[in-house]
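Here numbering that gives the first Met the number 0 is used: the sequence shown runs in plain steps of one and ends on residue 106.
Cβ atoms here follow ideal geometry from the backbone N, Cα and C, with glycine treated the same way.
Only a predicted model underlies this, so the values are computations on that prediction, with no experimental measurement involved.
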Amino acid sequence: MASVPTAPVVATGLVGGYSAARLSGRRELAGVVLAVAGTVCGRSWLRSRGPVLTGVLLGTYTAAFGAAHPLAKKLGAWPSVLTVTAAATATTYLLADRPSASSAQQR
């Protein structure tokens with residue numbers, strides 16, 4: 000399991016980034032929130048899962064951010080952000096945060 004539960008950090012980065020930009024009117028603030036959350040997650044993934052999975056998860060996080068923009072034209076802003084956040088968070092949980100079978104047996 001990751002040293003820090005990263006799925007909530009992914010969700011915070013995506014929803015928090017959008018919220019920060021929307022409330023402040025400054026898009027670059029969204030970038031700061033996204034970058035901070037991505038850095039926290041990336042460091043945790045690198046320590047616990049290695050560079051390949053870190054790349055996959057950072058790619059998923061970045062793709063979710065990018066996909067929210069065109070999806071917003073079809074669904075609306077908040078539904079789009081929540082949809083991509085759910086997908087990225089679920090992926091993160093399954094690949095990085097979910098306890099392995101061996102750690103569950105040790106309890």
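For residue j and residue i, the rounded distance between their alpha carbons
| i | j | result |
| --- | --- | --- |
| Ala34 | Pro78 | 22 Å |
| Val76 | Ser99 | The amino acid occupying residue 76 in the given sequence is Ala; Val does not appear at that position. Roughly 35 Å separates the two Cα atoms. |
| His68 | Leu74 | 10 Å |
| Met0 | Arg48 | Model confidence at Met0 stands at a pLDDT of 47, short of 50, so the residue's coordinates are unreliable and nothing is read from them. |
| Ser109 | Thr38 | With the chain running from 0 to 106 in the structure shown, residue 109 is simply not present. |
| Thr88 | Gly15 | 13 Å |
| Arg21 | Gly12 | 14 Å |
| Tyr92 | Thr5 | 7 Å |
| Ala29 | Ser43 | 21 Å |
| Glu27 | Val3 | 26 Å |
Cβ pair residue i, residue j closer than 8 Å
| i | j | result |
| --- | --- | --- |
| Cys40 | Tyr60 | yes |
| Ala63 | Ala86 | yes |
| Leu120 | Ala95 | Outside the displayed range of the chain (0 to 106) lies residue 120, so it cannot be described from this structure. |
Proximity to residue i [Cα-Cα], best of the options
| i | options | result |
| --- | --- | --- |
| Leu57 | Thr82, Val31, Thr90 and Ala71 | Thr90 |
| Ala66 | Pro4, Val83, Leu28 and Val3 | Val83 |
| Val32 | Pro50, Ser43, Ala10 and Arg42 | Ala10 |
Local conformation of residue i per DSSP, three classes
| i | result |
| --- | --- |
| Ser99 | coil |
| Gly58 | helix |
| Val9 | helix |
| Gly16 | helix |
| Val3 | coil |
| Gly24 | coil |
| Gly41 | helix |
| Gly30 | helix |
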